[in-house]
Each structure stands twice: as structure tokens, then as C-alpha cells.
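>
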Amino acid sequence: AEREIGERSGAKDTGMGSGTERHEGVYFPSLSARTIVYKGMFTTPQLAGYYPELTDPRVTSAMVLVHSRFSTNTFPSWPLAHPYRMLAHNGEINTVQGNRNWMRAREALLATDLLPGDLERLFPICTPGASDTATFDEVLELLTLGGFPLPEAVLMMIPEPWENHGEMPAERRAFYQYHAALMEPWDGPASIAFTDGTVIGAVLDRNGLRPSRYWVTDDGLVVMASEVGVLDIPSSKVVEKGRLQPGRMFLIDTVRGRIVRDDEIKAELVAARPYKTWLDRNLVHLDDLPPVEREVREEGTPVQRQQLFGYTLEELKMLVAPMARDAKEAIGSMGTDTPVAAL
Numbered sequence: 001a002e003r004e005i006g007e008r009s010g011a012k013d014t015g016m017g018s019g020t021e022r023h024e025g026v027y028f029p030s031l032s033a034r035t036i037v038y039k040g041m042f043t044t045p046q047l048a049g050y051y052p053e054l055t056d057p058r059v060t061s062a063m064v065l066v067h068s069r070f071s072t073n074t075f076p077s078w079p080l081a082h083p084y085r086m087l088a089h090n091g092e093i094n095t096v097q098g099n100r101n102w103m104r105a106r107e108a109l110l111a112t113d114l115l116p117g118d119l120e121r122l123f124p125i126c127t128p129g130a131s132d133t134a135t136f137d138e139v140l141e142l143l144t145l146g147g148f149p150l151p152e153a154v155l156m157m158i159p160e161p162w163e164n165h166g167e168m169p170a171e172r173r174a175f176y177q178y179h180a181a182l183m184e185p186w187d188g189p190a191s192i193a194f195t196d197g198t199v200i201g202a203v204l205d206r207n208g209l210r211p212s213r214y215w216v217t218d219d220g221l222v223v224m225a226s227e228v229g230v231l232d233i234p235s236s237k238v239v240e241k242g243r244l245q246p247g248r249m250f251l252i253d254t255v256r257g258r259i260v261r262d263d264e265i266k267a268e269l270v271a272a273r274p275y276k277t278w279l280d281r282n283l284v285h286l287d288d289l290p291p292v293e294r295e296v297r298e299e300g301t302p303v304q305r306q307q308l309f310g311y312t313l314e315e316l317k318m319l320v321a322p323m324a325r326d327a328k329e330a331i332g333s334m335g336t337d338t339p340v341a342a343l
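Here is the structure:
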């Protein structure tokens, strides 16, 4: 049911558009059988007055994801308000433009048996003009609808720094290397909290540039926030507290009824499929390719070849000549040929 609803909410042929696509007077914050998204352009104390059901004791939930944003560098708008369908975000995705371009390039290759019919009705996956968080949410939703477990989809998009990690087990390295061939990382100073209505968690960027702290109380309450003191919890009730580490995940599974630690999450994902075997069989290294005979062409005069590679008279005179004559790095200053303001 959730996949069918998510497919309909993301389809571009419904006449209403996707979760972040703007149409005059119409905006759908969510469409899910598991979660409800409340948005409002008001201050935090006004939330309960505008949505009175949130203070009704008959309304209960095992989890809640809250984002309070004060617009400092952008004008307040509904499409920029968090949370989105699956996440809330503190920070920036600096690589988002490149990530969008790659997602558009891959649209022709998308295929899954879990979403019947023509997938072109979901295109473009990344809504033009959306924020970095909205784009991240759209791709994360696509991956989960396509069959990836939510923790795996998040780690595919925000992997821990594995390339130069000499002590990482080979199986975990293979997990990241396999997914790196499917999608490049979404990098930037970011703390991302996510949920699908069954699990809820958070992940920190690989450089740890955004804070995320958590508390666990003796009655089973778990609180994670970007700042200390968001809730008044007596210290006598706190049985555990800590800080989310760079590249690590904090997850609560409501089905299991407990916190799932980072090592356990990744151990389960690594053991789910033979990633190392797949890489050994299918990954081609450049060093394994046969040598290719290279033909060096000496056609043309030196001036023609210099023009071919973009050399200018200034570079020949100021850079190349001193290096050839004195065997030293050329030293010069940048000039300007623009007229002074008085002219």
C-alpha cells in the first residue's frame, strides 16, 4: 500500500505534481499510510493552536520528527518548509547540482519490477527549482520505492569515509564500493533525520560538520536534536547520552522496539548480499586493461601546436621563456586592461 501511494504522490501525470512541485494554491505535504506531515509558516508556539489535534490525548504516535526553521537568507515559503516526506535536514548539500545532473542522466536506465508500468510518469525525479533538501527527499523516496531498505538508501547517499579507511573490514568496504558505482555521495555539512513510519533515525555527514546529540531516558524515551536542551529532561532520568559521530547512523526500529546501533545496522546490510563477490566478478580496473598502441603525430609547426593547446603570446613571453632560460618558476603579477573609474 505504501509503495502504491508513494508512486501516485510522485507521479507527474496526476495533474497536481510531485511533493515539491509548485502549482498556484496547491501543495501536498504528504501522502502516506504511515506518516502525516504538518507544516506551518508561523512561530513554534503557534503550532498547537493551529493544529489542535496535536494536543489531543487521543492522538498518539511512537515517533515524531520536528524541524523549526527561521528564514535568514531566503523568504519563507511552503515548499521550503521542513519536514518533507521522509526527512528533515540541518545543513547544506554542497554537491546537489551535480547530484541532480547525474540523476537526470540515469533516468533512462531506471528499472524495477516493484513499480509496474512506464516509469517516465515519475520524471523528472528531481523537481526543477526545488531546494537541496527537497531533491534529497525525492531521490531517497525513489530508492525506497524501488526496494532499498531505508537505512541502506541513506548510506548509499551519505556513505561514511571508506576510501582511505585502512582498518575497515573488506566486506564493509565492498558494500560502499558497490554502491559508489550506483550513486555518487551527496556531500556537505549536513545532519539528516529520516523516517518511513516504521524506523526513525539520523545520519551525520562524513566530516561531522553539524551537531547531533541524543538522550535515552529510563522510561524508553529517545530524543535526538541539533542542540542541547530542546526538552526539559531531568538528569536523573537520563540513562545514556552521546553525540552522533561523522559517517555514523543512529536508528530506532519500532518493530524490534529498540535502538539499532551503527555497527549492527551496517553488519546486517553488508551480510544481506555478496557485494565482495559481485565486485570481484564484475569490477574492471584500469590496470587490468590491455595496453594500447599510441601513435604520436608530429604534424604541424610549433606555432600551430601552441595555438591548438591554447598558448597565448603573454604566456610564452612571461611564463615559458623565463622557465626555459633560467630554469626557475616564473614570477609575475596580474595586470588589468580595464579603464580606471574616472574614465
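For the sequence shown, the residue numbers in full-length UniProt numbering are 1 to 343.
From the three backbone atoms N, C-alpha and C, an ideal C-beta is built for every residue, glycine too.
#1: Based on the DSSP secondary-structure assignment, which residues constitute the bridge partners of Val259?
#2: Roughly how many whole angstroms lie between the Cα atoms of Glu299 and Gln307?
#3: Return the first residue and the last residue of the beta strand (DSSP E) that Arg243 is part of.
#4: In three-state terms, what does DSSP make of residue 362?
#5: Roughly how many angstroms separate the alpha carbons of Leu289 and Trp186, rounded to a whole number?
#6: Identify the residues that DSSP records as bridge partners of Leu204: which are they?
#7: Should Met323 be labelled buried (16 or more other beta-carbon atoms within 10 Å of its own) or exposed?
#8: Just the C-alpha distance for Val255 and Leu143, rounded to the nearest angstrom, thanks.
#9: Hey, how far is the Cα of Ser131 from the Cα of Ser32?
#10: Using the C-alpha atoms, what's the distance from Ser77 back to His23?
#11: Between the alpha carbons of Ala108 and Thr135, how many angstroms are there, rounded?
#12: Which two residues bound the contiguous beta strand (DSSP E) that contains Arg213?
#13: For Leu47, which residues in the same chain have their Cβ closer than 8 angstroms to its Cβ, ignoring the five residues on either side in sequence?
#14: Going by Cα to Cα distance, which pick from Ile36, Ile331, Pro29 and Ile93 is closest to Arg210?
#15: Keeping to the same chain, check which residues put their C-beta closer than 7 angstroms to that of Phe70; ignore five residues upstream and five downstream.
#16: Sorted by chain position, which residues of the same chain lie with C-beta nearer than 7 angstroms to Thr338's C-beta, five sequence neighbours on each side aside?
#17: Report the rounded CA-to-CA distance for Pro274 versus Gly247, giving the unit in angstroms.
#18: Mapping the DSSP letters down to three states, classify Val199 as helix, strand or coil.
#19: Taking the DSSP output, what are the residues bridged to His89?
#20: Helix, strand or coil: which one does DSSP assign to Ala81?
#21: Tell me which residue opens and which closes the alpha helix (DSSP H) that Ala62 is part of.
#22: Along the chain, which unbroken stretches of the alpha helix (DSSP H) at least 4 residues long are found entirely within the segment 274 to 307?
#23: Leaving out the 5 sequence neighbours to the left and right, which residues in its chain are closer than 6 angstroms to Ala153 when beta-carbon positions are compared?
#24: Looking at Pro189 and Gly91, is the spacing between their C-beta atoms short of 9 angstroms?
#25: Could you have a look at Met318 and say whether DSSP puts it in helix, strand or coil?
#26: Nearest to His67 by CA position, among Thr60, Gly166, Arg85 and Phe75, is which residue?
#27: Below 6 angstroms CB to CB, which residues in the same chain sit around Val216 once its five sequence neighbours on both sides are set aside?
#28: When we look at the beta-carbon of Asp205 and count the other beta-carbons within 10 Å, is it buried (16 or more) or exposed?
#29: Quick check: the Cα distance between Tyr214 and Asp118, rounded to an integer number of angstroms?
#30: Helix, strand or coil: how does DSSP classify Ala324 here?
#31: Please report the distance separating the alpha-carbon of Leu80 from that of Leu122.
#32: Whose CA, out of Ile200, Glu171 and Leu155, lies closest to the CA of Ala180?
#33: Locate the beta strand (DSSP E) running through Val222, then write down its first and last residues.
#34: At the level of alpha carbons, what is the spacing between Tyr178 and Trp278?
#35: Sorted by chain position, which residues of the same chain lie with C-beta nearer than 6 angstroms to Asp262's C-beta, five sequence neighbours on each side aside?
#36: If you follow the alpha helix (DSSP H) that Phe136 is part of, which residue opens it and which one closes it?
Put simply:
#1: Working through the sequence shown from its first residue, we reach residue 259 at position 259. Here residue 259 turns out to be Ile, not Val, going by the sequence shown. DSSP output for Ile259 lists Ile252 as bridge partner(s).
#2: The count along the sequence shown starts at 1 and reaches residue 299 at position 299. The count along the sequence shown starts at 1 and reaches residue 307 at position 307. Distance between the alpha carbons of Glu299 and Gln307 is about 13 angstroms.
#3: The count along the sequence shown starts at 1 and reaches residue 243 at position 243. That run of the beta strand (DSSP E) goes Val238 to Arg243.
#4: Residue 362 is absent from the model: the chain starts at 1 and stops at 343.
#5: Along the sequence shown, read from residue 1 onward, the residue named residue 289 stands at position 289. Along the sequence shown, read from residue 1 onward, the residue named residue 186 stands at position 186. So the alpha carbons of these two residues sit roughly 30 angstroms apart.
#6: In the sequence shown, the residue the question calls residue 204 occupies position 204. For Leu204, which the question treats as bridged, DSSP gives the partners Ser191.
#7: Indexing the sequence shown from 1 puts residue 323 at position 323. Classification of Met323: exposed, given that the 10 Å Cβ count is below 16.
#8: Counted from its first residue, the sequence shown places residue 255 at position 255. Counted from its first residue, the sequence shown places residue 143 at position 143. Those two C-alpha atoms are separated by around 21 angstroms.
#9: Position 131 of the sequence shown holds residue 131. Position 32 of the sequence shown holds residue 32. Cα-Cα distance, rounded: 21 angstroms.
#10: Residue mapping note: residue 23 aligns to position 23 of the sequence shown, counting from 1. Residue mapping note: residue 77 aligns to position 77 of the sequence shown, counting from 1. Interpretation of His23 is limited by its pLDDT of 47, a score under 50 that renders its predicted location unreliable; the figure taken from the coordinates is listed afterwards. The alpha-carbon atoms of His23 and Ser77 are separated by roughly 13 angstroms.
#11: Counted from its first residue, the sequence shown places residue 108 at position 108. Counted from its first residue, the sequence shown places residue 135 at position 135. Each residue's alpha carbon lies about 18 angstroms from the other.
#12: Looking up residue 213 in the sequence shown gives position 213. Residues Arg213 to Thr217.
#13: Residue numbering aside, residue 47 sits at position 47 when the sequence shown is read from its first letter. The answer, listed in chain order, is Tyr38, Gly40 and Leu54.
#14: The residue given as residue 210 occupies position 210 in the sequence shown. With distances taken between Cα atoms, Arg210 lies closest to Ile93.
#15: Reading the sequence shown from its first residue, position 70 is the one you call residue 70. Answer for Phe70: no residue qualifies.
#16: Residue mapping note: residue 338 aligns to position 338 of the sequence shown, counting from 1. Cβ within range, chain order: n/a, list empty.
#17: As a position in the sequence shown, residue 274 is number 274, starting the count at 1. As a position in the sequence shown, residue 247 is number 247, starting the count at 1. If I take the Cα positions, the gap works out to 23 angstroms.
#18: To locate residue 199, count along the sequence shown from 1; it is residue 199. Strand at Val199.
#19: Within the sequence shown, numbered from 1, the residue matching residue 89 stands at position 89. Answer is Ile192.
#20: As a first step, residue 81 must be located in the sequence shown, where it is residue number 81. In the structure shown, Ala81 sits in coil (DSSP, three-state: anything other than H, G, I, E or B).
#21: Along the sequence shown, read from residue 1 onward, the residue named residue 62 stands at position 62. No alpha helix (DSSP H) contains Ala62, which DSSP labels as neither H nor E.
#22: Scanning the segment 274 to 307 for uninterrupted alpha helix (DSSP H) segments of 4 residues or longer gives 275 to 282, listed from N- to C-terminal end.
#23: Residue 153 sits at position 153 when you count from the first residue of the sequence shown. Within the same chain, Ala153 has close Cβ partners Leu140, Leu143 and Thr144.
#24: Position 91 of the sequence shown, counted from the first residue, corresponds to residue 91. Position 189 of the sequence shown, counted from the first residue, corresponds to residue 189. Contact: yes.
#25: Locating residue 318 in the sequence shown gives position 318, counting from the first residue. Helix, per DSSP.
#26: Counting from 1 along the sequence shown, the entry for residue 67 is found at position 67. Ranking Thr60, Gly166, Arg85 and Phe75 by Cα distance to His67 puts Arg85 first.
#27: Position 216 of the sequence shown, counted from the start, is the residue given in the question as residue 216. Excluding sequence neighbours, Val216 sits near Val222, Val239 and Glu240.
#28: Within the sequence shown, numbered from 1, the residue matching residue 205 stands at position 205. By the neighbour-count definition (other C-beta atoms within 10 Å, threshold 16), Asp205 is a buried residue.
#29: Counting from 1 along the sequence shown, the entry for residue 214 is found at position 214. Counting from 1 along the sequence shown, the entry for residue 118 is found at position 118. Distance between the alpha carbons of Tyr214 and Asp118 is about 43 angstroms.
#30: The residue labelled residue 324 in the question sits at position 324 within the sequence shown. Looking at Ala324 - three-state DSSP - the assignment turns out to be helix.
#31: In the sequence shown, the residue the question calls residue 80 occupies position 80. In the sequence shown, the residue the question calls residue 122 occupies position 122. If you draw a straight line from the Cα of Leu80 to the Cα of Leu122, it is about 21 angstroms long.
#32: For the purposes of this step, residue 180 is taken as the residue at position 180 of the sequence shown. With distances taken between Cα atoms, Ala180 lies closest to Leu155.
#33: Sequence index remark: in the sequence shown, residue 222 carries index 222 (1-based). Unbroken beta strand (DSSP E) run through Val222: Val222 to Ala225.
#34: Position 178 of the sequence shown, counting from 1, holds the residue named residue 178. Position 278 of the sequence shown, counting from 1, holds the residue named residue 278. When rounded, the distance between both Cα atoms is 8 angstroms.
#35: In the sequence shown, residue 262 corresponds to position 262, counting from 1. Taken in chain order, the residues that qualify are Arg248 and Met249.
#36: Residue numbering aside, residue 136 sits at position 136 when the sequence shown is read from its first letter. Asp132 to Leu145 is the span of the alpha helix (DSSP H), which, as asked, contains Phe136.
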